[in-house]
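Have a look at the structure below before the remarks.
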Amino acid sequence: MTDPSWIDGALAAARPQAVGALLRYFRNLDTAEEAFQEACLRALKHWPKNGPPRDPTAWLIFVGRNSAIDTVRRQAKQQPLPPEDLLSDLGDAETAITEKIDSADYRDDILRLLFICCHPDLPATQQIALALRIVSGLSVRQIARAFLVGESAMEQRITRAKGRISSGEIPFETPDAFERAERLSAVSAMIYLIFNEGYSAGSTEVEARFPLCDEAIRLARLLLRIFPAEPEIMGLTALLLLQHARAKARFDAEGAVVLLDDQDRSLWNRTMIAEGLALIDKAMRHRQPGAYQIQAAIAALHARAMRPQDTDWLEIDLLYATLERLTPSPVITLNRSIAVAKVHGPEAALLLIEPLEDRLSGYFHFFGVKGGLLMQLGRSREARIAFDRAIALANTPAEAAHIRMHLDRLSQN
Amino acid sequence: MLYAVLCYNMEDVVGSWTKEEDDLVMERLGAVQDKLAKSGKLGPVARLLPTTAATTLRKSRGEPLVVDGPFAETKEQFLGFYVVDCESLDEALAFARDLAQANPGQGSYEIRPIALFRPGSGSQ
Numbered sequence: 001m002t003d004p005s006w007i008d009g010a011l012a013a014a015r016p017q018a019v020g021a022l023l024r025y026f027r028n029l030d031t032a033e034e035a036f037q038e039a040c041l042r043a044l045k046h047w048p049k050n051g052p053p054r055d056p057t058a059w060l061i062f063v064g065r066n067s068a069i070d071t072v073r074r075q076a077k078q079q080p081l082p083p084e085d086l087l088s089d090l091g092d093a094e095t096a097i098t099e100k101i102d103s104a105d106y107r108d109d110i111l112r113l114l115f116i117c118c119h120p121d122l123p124a125t126q127q128i129a130l131a132l133r134i135v136s137g138l139s140v141r142q143i144a145r146a147f148l149v150g151e152s153a154m155e156q157r158i159t160r161a162k163g164r165i166s167s168g169e170i171p172f173e174t175p176d177a178f179e180r181a182e183r184l185s186a187v188s189a190m191i192y193l194i195f196n197e198g199y200s201a202g203s204t205e206v207e208a209r210f211p212l213c214d215e216a217i218r219l220a221r222l223l224l225r226i227f228p229a230e231p232e233i234m235g236l237t238a239l240l241l242l243q244h245a246r247a248k249a250r251f252d253a254e255g256a257v258v259l260l261d262d263q264d265r266s267l268w269n270r271t272m273i274a275e276g277l278a279l280i281d282k283a284m285r286h287r288q289p290g291a292y293q294i295q296a297a298i299a300a301l302h303a304r305a306m307r308p309q310d311t312d313w314l315e316i317d318l319l320y321a322t323l324e325r326l327t328p329s330p331v332i333t334l335n336r337s338i339a340v341a342k343v344h345g346p347e348a349a350l351l352l353i354e355p356l357e358d359r360l361s362g363y364f365h366f367f368g369v370k371g372g373l374l375m376q377l378g379r380s381r382e383a384r385i386a387f388d389r390a391i392a393l394a395n396t397p398a399e400a401a402h403i404r405m406h407l408d409r410l411s412q413n
Numbered sequence: 001m002l003y004a005v006l007c008y009n010m011e012d013v014v015g016s017w018t019k020e021e022d023d024l025v026m027e028r029l030g031a032v033q034d035k036l037a038k039s040g041k042l043g044p045v046a047r048l049l050p051t052t053a054a055t056t057l058r059k060s061r062g063e064p065l066v067v068d069g070p071f072a073e074t075k076e077q078f079l080g081f082y083v084v085d086c087e088s089l090d091e092a093l094a095f096a097r098d099l100a101q102a103n104p105g106q107g108s109y110e111i112r113p114i115a116l117f118r119p120g121s122g123s124q
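Going down the list, the sequences are from chains C and Y. One point on numbering: in UniProt numbering, the residue at position 296 of the first sequence is 296, and numbering is uninterrupted. One point on numbering: in UniProt numbering, the residue at position 17 of the second sequence is 17, and numbering is uninterrupted.
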């Protein structure tokens with residue numbers, strides 16, 4: 001077990017808990033991060049030689065804490081460091097600290113660390129960058145690449161974010177049940193944002209941004225492991241898995257968008273679908289519906305259909321109606337209209353979305369959907385107007401190209 | 001005699017492998033399996049989805065309890081392993097309830113969806 005890739009994996013896996021515990025000791029994010037880095041350096045030096053410790057996380061916390069205390073002492077008294085041999089001779093001390101890491105601390109340490117990253121004073125882009133740096137341990141370069149910005153710009157963004165959350169504001173008391181629920185929903189929203197950053201990428205950016213989807217799934221699983229009985233976290237994890245399962249089918253060889261109905265379903269990742277379906281099954285047993293669960297249930301109905309014509313649109317329409325009641329939003333109504341068009345025809349769908357035009361006048365998808373419905377109804381002139389507006393609002397070249405394809409089809413008729 | 005080889009590893013660590021690293025490990029494991037398969041000794045090989053996808057049915061004095069997650073206490077060990085083709089979690093739970101009823105005493109059944117299933121060539 002001296003394979004260096006095993007060590008990388010162990011360090012990455014230990015990171016959220018170790019940094020979280022070190023933050024509890026030092027109450028300062030920079031000190032905690034530096035302590036963890038130092039512990040990792042020592043792990044890379046000692047583990048290949050001595051083999052991995054029984055509990056890598058406990059080892060990293062113990063070594064990180066000692067090294068940070070040494071640094072503080074050295075700075076205070078200018079004392080020399082104790083010999084390296086003394087520090088690395090951890091045998092029994094490691095066992096002792098393993099026993100001291102209580103499972104409640106474990107949950108709260110990780111939750112606190114995640115919660116700091118989605119501090120309400122931080123704009124969403126800073127929240128995500130901070131979480132990827134601190135919790136996931138991605139390098140500034142990796143994060144910059146995923147956000148398609150320069151390294152120094154990303155460095156600044158992360159430094160600014162850290163500056164805004166002065167250590168004094170970090171909540172260290174154990175949260176009560178209400179506060180924990182509030183934190184959980186903030187953390188879930190942040191994980192969903194990370195996923196969307198990756199998911200909404202155009203085909204040319206996919207290579208750089210897909211890791212964000214994988215990272216979001218890893219964070220969702222982490223959250224689910226510490227709160228195994230929260231149906232909304234099951235729903236969130238299921239939703240991410242079911243959406244990401246379609247990744248390979250979403251763009252064709254030329255990089256054009258492929259809509260759900262036209263996707264090659266054999267390219268869908270069946271393992272991810274299986275995990276997503278299992279989680280949504282589990283979540284539903286709790287009978288506490290929530291927005292993530294309903295969205296995951298909709299994604300599950302698509303995933304279960306082996307061919308587009310097998311899709312249970314009636315059930316999807318009902319689920320969207322439930323979602324509309326739970327979290328009213330014109331975007332949800334717009335999504336529902338696609339199911340309504342399949343069940344009740346394009347006329348009914350058009351009636352549903354027409355009142356939304358004022359609120360969605362700057363939204364690409366509104367005009368794409370509207371144009372599509374008008375096209376189905378044979379109202380070509382109006383469809384063309386809607387498609388023209390969609391092109392003007394397109395966020396990526398692939399989106400614009402997709403609409404242009406409809407316009408070409410209209411001109412042929 | 002047939003043996004069940006139960007694989008234990010740190011899930012966090014395995015879960016933080018990249019797809020490439022995971023593929024590489026699977027490929028190496030595949031090579032080991034192939035050797036055994038050629039001699040007709042390999043039975044079903046299954047890789048389970050993460051424990052977050054697991055549900056546990058715990059026998060109690062009355063109706064068995066259904067709990068989210070794997071059975072974590074070390075007092076009881078993982079003793080056997082069934083593969084069932086069920087439409088839903090409920091159907092799988094019904095099967096586990098039947099097992100619980102047929103098998104007297106304490107115990108629990110963890111129902112875990114399977115990620116990869118190879119029936120193998122050597123079952124007797």
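Just so you know, even glycine gets a beta-carbon here, dropped at the ideal spot from N, CA and C.
CA-to-CA distance, residue j to residue i, given in whole angstroms
i, j, result
"C/GLY372", "C/ILE332", "17 Å"
"C/ASP30", "C/PHE115", "16 Å"
"C/GLN295", "C/ARG270", "19 Å"
"C/GLU315", "Y/TRP17", "37 Å"
"Y/ILE114", "C/ASP312", "25 Å"
"C/MET190", "C/PRO328", "20 Å"
"C/ARG287", "C/PRO231", "9 Å"
"C/TYR363", "C/ALA76", "58 Å"
"Y/LYS35", "Y/TYR82", "24 Å"
"C/SER266", "C/ALA386", "33 Å"
"C/ARG183", "C/TRP59", "29 Å"
"C/LEU323", "C/ALA229", "22 Å"
"C/GLU207", "C/ARG54", "37 Å"
"C/VAL19", "C/ARG250", "37 Å"
"C/ILE110", "C/LEU23", "10 Å"
Member of the options whose CA lies at the smallest distance from the CA of residue i
i, options, result
"C/LEU219", "C/HIS244, C/GLN288, C/LEU11, C/TYR192", "C/TYR192"
"C/LEU260", "C/MET306, C/GLY290, C/ALA291", "C/MET306"
"C/TYR106", "C/PRO16, C/CYS118, C/ILE128, C/ALA129", "C/PRO16"
"C/ALA39", "C/PRO48, C/SER67, C/LYS49", "C/SER67"
"C/ASP358", "C/GLY345, C/LEU334, C/GLY378, C/ALA186", "C/LEU334"
"C/ASN28", "C/CYS213, C/GLU197, C/PHE172, C/LEU267", "C/PHE172"
"C/ARG389", "C/SER361, C/GLY378, C/GLN412", "C/SER361"
"Y/LEU99", "Y/ARG118, Y/LYS59, Y/LEU36, Y/ARG112", "Y/LYS59"
"C/GLN156", "C/LEU323, C/LEU184, C/THR125, C/THR174", "C/THR125"
"C/ASP8", "C/ALA186, C/TRP47, C/ALA35, C/ARG164", "C/TRP47"
"C/ASP121", "C/ILE165, C/SER136, C/ALA144, C/ILE143", "C/ILE165"
"C/ALA400", "C/VAL257, C/GLY163, C/ARG379", "C/VAL257"
"C/ALA129", "C/ALA216, C/GLY202, C/LEU44", "C/ALA216"
"residue 447 of chain C", "C/ALA303, C/ASP281, C/ALA274", "Residue 447 of chain C lies beyond the range of chain C shown here (1 to 413); nothing can be said about it."
"C/LEU44", "C/ALA32, C/PHE26, C/VAL63", "C/VAL63"
Under 9 Å by beta carbon: chain C residues contacting residue i
i, result
"Y/MET10", "GLY9, ALA10, ALA13, PRO56"
Three-state class that DSSP yields for residue i in the structure shown
i, result
"C/SER139", "coil"
"C/ASP55", "coil"
"C/TRP6", "helix"
"C/ASP264", "coil"
"C/TYR320", "helix"
"C/ARG65", "helix"
"C/GLU357", "coil"
"Y/TYR109", "strand"
Closer than 8 Å at the beta carbon, the chain C residues around residue i
i, result
"Y/ALA115", "THR271, ALA274, GLU275"
"Y/LEU49", "THR271, ALA274, GLU275, ALA278"
Contact belief for residue i with residue j at Cβ below 8 Å, rounded distance in angstroms
i, j, result
"C/MET284", "C/ALA245", "Rounded, the Cβ-Cβ distance is 19 Å, inconsistent with contact."
"C/ALA161", "C/ARG209", "Contact flag wrong, Cβ pair sits at about 20 Å."
"C/LEU242", "C/GLY290", "Not a contact, Cβ separation roughly 16 Å."
"C/LYS370", "C/ILE353", "6 Å"
"C/ILE61", "C/ALA12", "Contact flag wrong, Cβ pair sits at about 15 Å."
"C/ALA394", "C/GLY255", "With a Cβ gap of about 14 Å, C/ALA394 and C/GLY255 do not count as contacting."
"C/TYR292", "C/GLY235", "4 Å"
"C/CYS118", "C/ALA177", "Wrong, their Cβ atoms sit about 19 Å apart, outside the cutoff."
"Y/PRO64", "Y/THR51", "Y/PRO64 to Y/THR51, Cβ: 20 Å. No contact."
Contacts of residue i in chain C (Cβ-Cβ under 7 Å)
i, result
"Y/ALA53", "GLU275, ALA278, LEU279"
"Y/SER16", "GLY9, ALA12, ALA13, ARG218"
"Y/SER88", "ASP281"
"Y/VAL13", "GLY9, ALA10, ALA13"
Beta-carbon neighbours of residue i, restricted to chain Y and to distances below 7 Å
i, result
"C/ARG225", "THR52"
9 Å Cβ cut-off: residues of chain Y touching residue i
i, result
"C/ALA229", "VAL67, ASP68, GLY69"
Any chain D beta carbon closer than 8 Å to residue i
i, result
"C/ARG221", "This model lacks chain D altogether; the protein chains it does include are C and Y."
Chain Y residues whose Cβ lies nearer than 8 Å to that of residue i
i, result
"C/THR311", "None at all; the shortest Cβ gap to chain Y is about 18 Å."
"C/THR237", "THR52"
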